[in-house]
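Read the structure below first, then the notes.
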Amino acid sequence: MSEPVALPNPSGTGTAGTDAASKRRRPSWPFLVVAVFFGLFYAWDVWSGLGNLIGLSLNAGSLDTQLSGFGWGILLAGVLLPILIFLLAARIGRGRPLYAQAALFLVGLALASALALDIYQFGLGSLIV
Numbered sequence: 001m002s003e004p005v006a007l008p009n010p011s012g013t014g015t016a017g018t019d020a021a022s023k024r025r026r027p028s029w030p031f032l033v034v035a036v037f038f039g040l041f042y043a044w045d046v047w048s049g050l051g052n053l054i055g056l057s058l059n060a061g062s063l064d065t066q067l068s069g070f071g072w073g074i075l076l077a078g079v080l081l082p083i084l085i086f087l088l089a090a091r092i093g094r095g096r097p098l099y100a101q102a103a104l105f106l107v108g109l110a111l112a113s114a115l116a117l118d119i120y121q122f123g124l125g126s127l128i129v
C-alpha cells in the first residue's frame with residue numbers, strides 16, 4: 001500500500017501552515033550571541049546619542065536659548081539611527097553564515113559610529129536658535 005499524500009489546505013491551516021512555520025526558524029544561539037555582543041556596542045552609541053540630546057538641550061537652556069528644529073532632528077537621529085542600523089543588520093544577517101552576520105554587525109557599527117562623529121562636528125553653535 002502507498003502512503004496517503006498530504007494536500008495543501010486552501011484555508012491556510014494544516015499542511016500549508018506547518019510548511020510556513022518550518023520555514024520561519026528561530027534564530028540559532030550563535031546568532032544570538034553575536035547579536036548581543038554587537039548590541040552592547042550599538043547600545044553605547046544610543047546612550048551617547050541620548051547623552052548628547054539631554055546635555056546639549058540643557059546647555060542651550062543655560063544660555064537662555066533653545067535647540068532649533070534642525071538641532072532636534074540631528075540629535076534625535078543620533079539616538080534612533082544606531083537602533084535602526086542594528087535592526088537592519090540583524091534582518092539582513094538572518095540565515096547567513098556566522099562570519100557574515102558578524103561582518104554585517106561590524107559594518108553597521110562603523111556606519112553608526114561615523115554618523116555619531118558627524119553629529120559631533122555640528123557643535124552647539126549650529127544647533128541652537
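The sequence shown begins at 1 in UniProt numbering and counts up one residue at a time. Note that the Cβ used here is the ideal one computed from N, Cα and C, for glycine as well.
By DSSP, does L67 sit in helix, in strand, or in coil? The sequence position of residue 67 within the sequence shown is 67, counting from 1. Of the three classes helix, strand and coil, the one that applies to L67 here is strand, per DSSP.
Which residues does DSSP pair with I128 in a beta bridge? Sequence index remark: in the sequence shown, residue 128 carries index 128 (1-based). Partner(s): L67.
Burial state of D118, where buried means 16 or more other Cβ atoms lie within 10 Å: The residue you call residue 118 lines up with position 118 of the sequence shown. Its Cβ having fewer than 16 others within 10 Å, D118 is exposed.
Short Cβ contact (7 Å threshold) for P30 with L87: What you label residue 30 is simply residue 30 of the sequence shown in a count that begins at 1. What you label residue 87 is simply residue 87 of the sequence shown in a count that begins at 1. No. Outside cutoff.
Which stretch, first to last residue, makes up the alpha helix (DSSP H) that contains P30? Taking the sequence shown and counting its residues from 1, one reaches residue 30 at position 30. Looking at the DSSP string, the run of the alpha helix (DSSP H) that includes P30 is W29 to S62.
So, are the CB atoms of residue 133 and V79 less than 7 Å apart? Absent from the structure is residue 133, since the part of the chain shown begins at 1 and ends at 129.
Measuring alpha carbon to alpha carbon, tell me which of G71, L81, V129 and L58 ends up nearest W47. The count along the sequence shown starts at 1 and reaches residue 47 at position 47. Of the listed residues, the one whose Cα sits closest to W47 is L81.
Within a Cβ cutoff of 8 Å, which residues of the same chain sit near L76, ignoring the five residues on either side of it in sequence? One-based indexing of the sequence shown puts residue 76 at position 76. Answer for L76: L53, listed in chain order.
Between the Cα of G39 and those of F122, V107, V129 and L127, spot the shortest distance and give me the residue it belongs to. Locating residue 39 in the sequence shown gives position 39, counting from the first residue. Checking every option, the nearest Cα to that of G39 belongs to V107.
Cβ neighbour criterion (16 or more within 10 Å) applied to F105: Taking the first residue of the sequence shown as position 1, residue 105 is located at position 105. Flag for F105 reads buried.
Return helix, strand or coil for P82, following the three-state DSSP convention. Translated into positions along the sequence shown, residue 82 becomes position 82. In this structure, P82 counts as helix in the three-state DSSP scheme.
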